[in-house]
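Heads up: the first sequence runs through residues 3 to 522, numbered per the numbering used here.
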Amino acid sequence: MIRDDLKKIIKKSLEREGFKIEDFQILKPREKKHGDYSLNVAFEVVEKSPMEVAEVLKKRLEKEKSFERIEIIEPGFINLFLNRKVFEKGVNEILKKRELYPVLNMGKKKKVQVEFISANPTGPLTIGNARGGPFGDTLANVLKQAGYEVSRAYYINDYGNQIVALGHSVLKDDEAKYKGEYIDFLHNRVSEEDPYIVGKWAANIILEEMIKATVQKLKINYDEWFSETWLYENKRVDRVLEFLKKEELTYVSEGAIFFKAKQFGDIRDRVLVKKDGKATYLLGDIAYHEYKLKDKKFDKVINVWGSDHAGDVKGLEAGVEALSYKGKLETILLQFVTIKKDGEKVRMSKREGTYITMDDLLNDVPVDVIRFFFLEKSFNTHLNFDLDLALDESDKNPVYYIKYAYARICSVLENAKIEASSIKKARHFKFLKEDAEINLLKELLRFEEVIEDTACDCEVHRLPKYALDLASYFHKFYSDHKILDEDKRIRQARIELIVATKIVLHNLLKIMGISAPSKM
RNA sequence: GUCCUCGUAGUUUAAUGGAUAAAACAAGAGACUCCUAAGCUCUAGAUGUAGGUUCGAUUCCUACCGAGGACACCA
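What follows is the structure in structure tokens.
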């Protein structure tokens, strides 16, 4: 843990010099000449000028063994150049831990649930609602790598009005709402007449035959498919309502039961039971979260929602707080996917028929490309999807650049008749001297920071960016230097380096749910 | 009208308040007697507008313009 170790050293130095800084940043400079890491703490100290602080701190840090040299740059940056021993240690860690690398203990085995997609079972998954698939799945992988015990869930909204609406749609009566080929398909198979029964029947087929199939093609494995109906059948909804009543967190107004959500920072109170006596979605959702937090004992639950539910976050948070689980719920809002048609943006809508199903896309574009395409974008990005462009450029997707790096390594090892598993230590580390070699090995060691940072802020798009950087350093190294060099020691040093690269690429691709073939 | 996201190169996207704004695709140019040219090297190209905060702003604040979303006793 290079960065963590640095933090300790610097913190100690700051204290020794009597600088009172609560927290400081360790920056990763863009420019190599600015060091492996850099500090801007000197700007934070008020007692002296930044340059003076930097000088004092430099002298103190120079007593540590970790640095090859330390530079100060106007107006007060401290640039740290690490000692080669630090890198050697890091590479050996990779070669030792193998597919377990990086071994992190951020999570301390705490139980986290990631719930994602959870699209209503009223139709096939669209490109829009499936955006959360690669995101949630990869986030779960990251958290697991960071040392959490992770579970994946899909919440099935198989209760309520939309199921009746689905029934009407399948029956094609006056109240029909949804259209599409799947409705025609279900219409031809229907044998009942009651809209609710038909809706239940149809939702089940949609879930089992369409949604689950698509999810499987996306290489996602859920630990739990949770039915909303279960909450009602097992009186969980009634129970949570009774609890809220008992806590005097409800009141009746105009025949409806309200939840005093404002008490918990919400912008308004929320209806729990409508005047017709039926529970609202929110009440069911609070009951669901009681199940997650109380029954399943998750220390934290992360919900990945579409941004159209932004207005509902506060209400659920208030409910979770009322159950005394404040702070254990985190919600990530994914921005919508718009599709481009004839140069115009069109919002995806099941009713307008302006949607592309994920299944259709999966028929034309490899899953690795799809996963990478969605993972690349930050969840705050309003994603424009141009289907024609996606089909045209599928084979130009940068995911191949990464896979190619992996395949090249495998090929070199095969030519050298070396099993990667036989390389267990960087015994010839000192023969790595070229810039391209050093850059590559430094990039390898960034992997653990990438995982750590992503587990903290859920910015999953950091992974594909890192993968591209890493692959780029590898390709550059490959072009500049022959790995199977005639000098045996250099050859061996480079083999050790590429085996470490292979391990990192493998683990990284696995976390993103992307395959790593040895040949292309 | 109020609130939430967002506005960066021709296009799709990056950039925990840090140093010369990064990459891919598209455009133009170059190098193979050598481990996979799905690679490498080079060129051209961008922060919506106007202010403010500060040593420093794509990032924070205000206003405006533009895009998407939300403002239910729907889910």
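All residues carry an ideal CB built from backbone N, CA and C; glycine is no exception.
When the beta-carbon positions are compared, L284 and L318 come within less than 9 Å of each other. With respect to the C-alpha of D394, the residue from Y408, P368 and H311 having the closest C-alpha is P368. For T503, the three-state secondary structure derived from DSSP is helix. The DSSP-derived three-state label of F118 is coil. Taking the C-beta atoms as reference points, A44 is found nearer than 9 Å to I80. Listed as beta-bridge partners of V348 by DSSP are I341. In this structure, DSSP gives I80 an extended state, which the three-state scheme calls strand. Of S326, M360, V501 and T140, the smallest CA-CA separation from A407 is found for V501. According to the DSSP assignment, V462 belongs to no beta strand (DSSP E), since it is labelled neither H nor E. Our two residues, L243 and H384, have alpha carbons roughly 37 Å apart in a direct line. Taking the CA atoms as reference points, V116 sits about 11 Å from G134.
Between the alpha carbons of V371 and G257 lies a distance of about 53 Å. Burial state of C460 is buried, judged by a 10 Å Cβ sphere holding 16 or more other Cβ atoms. The straight-line gap separating the alpha-carbon atoms of I485 and V88 is approximately 23 Å.
Bridge partners of V303 according to DSSP: Q115 and L331. For the segment 162-234, the continuous alpha helix (DSSP H) assignments of 4+ residues that do not extend past its boundaries occur at 163-173, 183-191, 197-207 and 214-219, in sequence order. Per the coordinates, the alpha-carbon of F137 lies some 17 Å from the alpha-carbon of N386. Judged by DSSP secondary structure, T252 falls within the beta strand (DSSP E) whose first and last residues are T252 to S255. The residue among N399, K221 and N236 with its C-alpha nearest the C-alpha of M514 is K221. In this structure, the beta-carbon distance from I158 to S193 does not fall below 9 Å. In this structure, Y290 keeps its C-beta atom at 9 Å or more from the C-beta atom of V217.
Annotated as proximal: L442 and F476, with beta-carbon spacing under 9 Å.
By DSSP's assignment, A155 forms a beta bridge with E117 and E226. Annotated three-state conformation of N236 is coil, per DSSP. Judged by DSSP secondary structure, A258 falls within the beta strand (DSSP E) whose first and last residues are A258 to F261.
Secondary structure of L336 (DSSP, three-state): strand.
D7 and V93 have their C-alpha atoms some 16 Å from each other.
Contact between the segment 103-110 and the segment 47-61 is absent, with fewer than three C-beta pairs closer than 8 Å. A473 and F338 have their C-alpha atoms roughly 30 Å apart. L127 is a Cβ neighbour of I213, given a cutoff of 9 Å.
In the structure shown, Y290 falls within a helical segment according to DSSP collapsed to helix, strand and coil. Going by beta carbons, F118 and V306 fall inside the 9 Å limit. Excluding sequence positions up to five before and after K302, its CB lies within less than 6 Å of the CB of V114 and K330, all in the same chain and listed in chain order. Here I23 is exposed. Its C-beta has fewer than 16 other C-beta atoms within 10 Å. For Y403, no beta strand (DSSP E) encloses it; the enclosing alpha helix (DSSP H) starts and ends at V401 to N417.
The three-state secondary structure of V273, taken from DSSP, is strand.
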